[in-house]
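So the protein lines, in turn, are chains Y and A. If you're matching positions, the first sequence starts at 2 in my numbering and goes up one per residue. If you're matching positions, the second sequence starts at 2 in my numbering and goes up one per residue. Note that CB positions come from ideal geometry on N, CA and C, so glycine has one too. Predicted model, so just to flag it, every value in this text is computed and none were measured. Below is one structure; the comments refer to it alone.
There are 2 protein chains.
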Amino acid sequence: MTTDMNDIFKALADPCRRELLDRLSEENGQTLGALCERMAISRQGVTKHLALLEAANLVVIVWQGREKLHYLNPEPIQQIHQRWIGKFEPQRLQALATLKKALEDK
Amino acid sequence: MTTDMNDIFKALADPCRRELLDRLSEENGQTLGALCERMAISRQGVTKHLALLEAANLVVIVWQGREKLHYLNPEPIQQIHQRWIGKFEPQRLQALATLKKALEDK
DNA sequence: TTGACATGCAACCAAATAGTTGCATAATAA
DNA sequence: TTATTATGCAACTATTTGGTTGCATGTCAA
């Protein structure tokens, strides 16, 4: 299931959401309650952020009774790496050289 | 000069801005006017987007007479790759396995 | 010197975003 | 059964964002 690249970039744009991903990368499969601990915002705030992460397919939900477990899905990050960042890699040194030259000539 | 990671993620979150980076990667050092061509929004709109890219240090400006040249700076993209995406790489296969198992067990 | 060209600045507007609070629902534990 | 716990849903608010328009400024070319 390939999610829209834009959803992924948008989801990564917020520091709270990156924090949540970081926490899941430290301990995968946490409940909503656990993820709320030591966060500066309310539970509902966290819920909304997680909903965006889920929409971007960065996080996958598994219900277990009344608990909602959150699992990291590494695929979209990989996708950004390969399809987007990877695109700039071949020209990287070239671009750097061009930039330096332009700055010298000014 | 190391820019705030958040500025970089924010700058990358908009499709117009990614489009501008794409164009510069095709042809580096373009003027504002050139970058405005075939864009759906007004010149002022483009200017604002470029200002954010510049603030994130993704684009560097060089003035040449009355023309403003825009150069791609590959460093921040590299930074995201190494410091952020790279962080998820070691655990990638582990996370994928954990996710699959959680989905099976549900 | 005058006109055209490349860009900047400021004010304004609509829509999206990030956050809140209050109440409802479903699962577990006593 | 009754509390308690874990979560969802909806309404509301303030701020940020992405876009516009109108006018100003500085540079180049005739």
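Alpha helix (DSSP H) segment containing residue i, residue limits
| i | result |
| --- | --- |
| Leu53 (chain A) | 44 to 56 |
| Ala80 (chain A) | Looking at the sequence shown, residue 80 (chain A) is not Ala but Gln. Looking at the DSSP string, the run of the alpha helix (DSSP H) that includes Gln80 (chain A) is 76 to 81. |
| Gln95 (chain Y) | 93 to 106 |
| Gly30 (chain A) | That residue, Gly30 (chain A), is in no alpha helix (DSSP H); it is neither H nor E in DSSP. |
| Asp8 (chain A) | 6 to 13 |
Range covered by the beta strand (DSSP E) that runs through residue i
| i | result |
| --- | --- |
| Leu73 (chain A) | 68 to 73 |
| Ile62 (chain A) | 60 to 65 |
Residue i to residue j span [Cα, whole Å]
| i | j | result |
| --- | --- | --- |
| Leu51 (chain Y) | Leu97 (chain Y) | 37 Å |
| Gln83 (chain Y) | Arg84 (chain A) | 16 Å |
| Arg44 (chain A) | Gly34 (chain A) | 8 Å |
| Gln80 (chain Y) | Glu28 (chain A) | 24 Å |
| Glu68 (chain A) | Leu94 (chain Y) | 25 Å |
| His116 (chain A) | Gln65 (chain Y) | Nothing about residue 116 (chain A) can be reported from this structure: the residues present for chain A run from 2 to 107 only. |
| Gln92 (chain Y) | Gln31 (chain A) | 16 Å |
| Arg39 (chain A) | Asp5 (chain Y) | 23 Å |
| Asp106 (chain Y) | Thr48 (chain A) | 24 Å |
| Arg19 (chain Y) | Phe89 (chain Y) | 23 Å |
| Arg24 (chain Y) | Lys101 (chain Y) | 39 Å |
| Asp8 (chain A) | Gly46 (chain Y) | 22 Å |
| Leu21 (chain Y) | Ile78 (chain Y) | 14 Å |
| Glu55 (chain A) | Glu55 (chain Y) | 31 Å |
| Leu53 (chain Y) | Leu53 (chain A) | 23 Å |
| Thr99 (chain Y) | Glu76 (chain A) | 13 Å |
| Ile86 (chain Y) | Ser26 (chain Y) | 21 Å |
| Pro16 (chain A) | Leu36 (chain Y) | 30 Å |
Whole-Å CB distance - residue i paired with residue j, under 8 Å assumed
| i | j | result |
| --- | --- | --- |
| Ala57 (chain Y) | Ala12 (chain Y) | 4 Å |
| Asn74 (chain Y) | Val63 (chain Y) | Not really, about 12 Å apart at Cβ, beyond 8 Å. |
| Phe10 (chain Y) | Ala14 (chain A) | 5 Å |
Check each residue of the region 26 to 58 of chain A: if its Cβ is closer than 7 Å to any Cβ of chain Y, include it; give the result in chain order.
Within the region 26 to 58 of chain A, the residues whose Cβ lies closer than 7 Å to some Cβ of chain Y are Ser26, Asn29, Gly30, listed in chain order.
According to a CB-to-CB cut-off of less than 9 Å, which residues of the region 57 to 73 of chain Y neighbour chain A?
Val61, Val63, Trp64, Gln65, Leu70, Tyr72, Leu73
Anything in the region 3 to 18 of chain Y with a Cβ closer than 7 Å to a Cβ of chain A? List those residues in chain order, please.
Within the region 3 to 18 of chain Y, contact with chain A at the beta-carbon level (separation under 7 Å) is assigned to Asn7, Phe10, Lys11, Leu13, Ala14, Pro16.
Chain Y contacts made by the region 88 to 100 of chain A, where a contact means CB separation under 9 Å
Lys88, Phe89, Glu90, Gln92, Arg93, Leu94, Gln95, Ala96, Leu97, Thr99, Leu100
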